[in-house]
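Residue numbers (the numbering used here): 299 to 521.
Here it is, written out as structure tokens:
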């Protein structure tokens, strides 16, 4: 168990150091999110949007921002021809967990910047943080999990960009629906128990995706 954790951290550190030098994924995600926010803000002007629009809009921005950068985690290995080396020296589950952890940290880092900017530009606020933070954390974990396994599947395809969004979107739909609904409730100041079913879906689906990914990744990776 601890051996697997140690090897996963090795993969995470490798990707983190490489990203720190190139900043490819970070720049792609941040630029997409900030550009989208600016366009939306200028388009709506002083109009105060309803929570039925604000909540989906936030998750649409987060989803497509993630799609613009998180796929690079496995594509980079194929482009730099380092995938075979990883296959030889590390077990598949350690590779997936390390890259999943990298995507999680990258997405959380994006949200630390994007979410406050979003609420400031949309001139709105969260009324119930006890719903909002679990929704954001669980939704992000789910998106990172989906992105990581789909990135591995499409890493050797020729049209990677198009395939990534097409394959990831249907799988991520339960996450998006539940995250949007619970985020809307947090903006409306609803009681915590009103969001309990959505949070359960987010947690359950994320666990299912992670478990399934660990089971099938070896076959995907050693193709």
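Beta carbons are placed, not taken as given, at the ideal position from N, Cα and C, and that holds for glycine.
query	result
For residue 347, the three-state DSSP class (helix, strand or coil)	coil
Where residue 333 falls, given that 16 or more other Cβ within 10 Å makes a residue buried	exposed
Secondary structure of residue 389, DSSP reduced to three states	coil
Selection from 480, 432, 309 that minimises the alpha carbon distance to residue 394	309
Among 448, 427, 450, 352, the one whose alpha carbon lies nearest that of residue 416	352
Distance between residue 388 and residue 567 (C-alpha atoms, nearest Å)	This structure gives no information on residue 567, because the portion of the chain shown stretches from 299 to 521.
Between the CA atoms of residue 452 and residue 364 - distance to the nearest angstrom	16 Å
Cβ contact check for the segment 459 to 473 and the segment 482 to 490: 3 or more pairs under 8 Å	no
Nearest-angstrom Cα separation, counted from residue 427 out to residue 307	31 Å
Own chain, CB closer than 6 Å to residue 446, minus 5 neighbours either side, in chain order	397, 398, 401
Alpha-carbon to alpha-carbon, residue 479 and residue 501	14 Å
Test item: CB-CB of residue 366 and residue 327 under 8 Å	yes
For residue 505, the nearest candidate out of 518, 520, 462, 441 (CA to CA)	441
Residue of 347, 420, 414, 311 minimising C-alpha distance to residue 431	414
Own chain residues within Cβ distance below 6 Å of residue 496, not counting five before or after	476, 479, 480
Test item: CB-CB of residue 433 and residue 406 under 8 Å	no
Which of helix, strand or coil DSSP assigns to residue 368	coil
Inter-residue Cα distance where the pair is residue 348 and residue 314	39 Å
Buried/exposed call for residue 345, threshold 16 Cβ in 10 Å	exposed
Cβ neighbour criterion (16 or more within 10 Å) applied to residue 341	exposed
Closest by C-alpha distance to residue 512, when choosing among 375, 487, 462, 450	450
8 Å Cβ cutoff met for residue 404 and residue 323	yes
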